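Novice: Okay, so the sequence shown: first residue is 419 according to our numbering, each after it adds one.
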Amino acid sequence: MLIVFNLLIKAIQLYSWALIIYILMSWFPNARETSIGQFLTKICEPYLEPFRKIVPPLGMLDLSPLVAFLVLNLATKGLYQLAMWII
């Protein structure tokens, strides 16, 4: 059972890095049009879209990724607590 928790935690960490790369790609012109950019768009936008509906942008600044990272962090901590409770 511990292996499943570790696998889920690693998947969340990997997804967090994908989000970071996706967000940084917005700083570079045409970076999201590359094959890597298109792949990251397909996996990151469905997750970020609900947060964009909740958190309005402040001018040019989009704070929804911060909330998305907070939720991923809470999910990781919840998995750690659940693993400790089960073990």
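Ideal Cβ placement from N, Cα and C applies to all residues, glycine included.
In this text, all values refer to a predicted model and were calculated from it rather than measured experimentally.
Suppose you measure from the CA of Y498 to the CA of L466; what does that come to, to the nearest Å?
Specialist: If I take the Cα positions, the gap works out to 24 Å.
Novice: Just verifying my parser: in three-state terms, what is the DSSP assignment at L476?
Specialist: In this structure, L476 counts as strand in the three-state DSSP scheme.
Novice: Return helix, strand or coil for I505, following the three-state DSSP convention.
Specialist: Three-state DSSP puts I505 in coil, outside helix and strand.
Novice: Please name the residue, chosen from L420, S444, N448 and V489, that lies closest to D362 on a Cα-to-Cα basis.
Specialist: Coverage of the chain is limited to positions 419 through 505, which leaves residue 362 absent and any answer about it impossible.
Novice: Relative to the alpha-carbon of K428, which residue among I504, M502, I505 and A493 has its alpha-carbon at the smallest distance?
Specialist: Checked all of I504, M502, I505 and A493; the closest Cα to K428 is A493.
Novice: Leaving aside the five residues before and after A486 along the sequence, list all residues of the same chain whose C-beta is less than 6 Å from its C-beta, in chain order.
Specialist: So the list reads L466 and F469, once near-sequence residues are dropped.
Novice: The alpha helix (DSSP H) that contains M443, what's its start and end?
Specialist: Taken as a continuous stretch (DSSP letters only), the alpha helix (DSSP H) holding M443 covers L420 to M443.
Novice: Roughly how many angstroms lie between the CA atoms of F457 and R450, to the nearest whole one?
Specialist: Whole-angstrom Cα-Cα distance: 9 Å.
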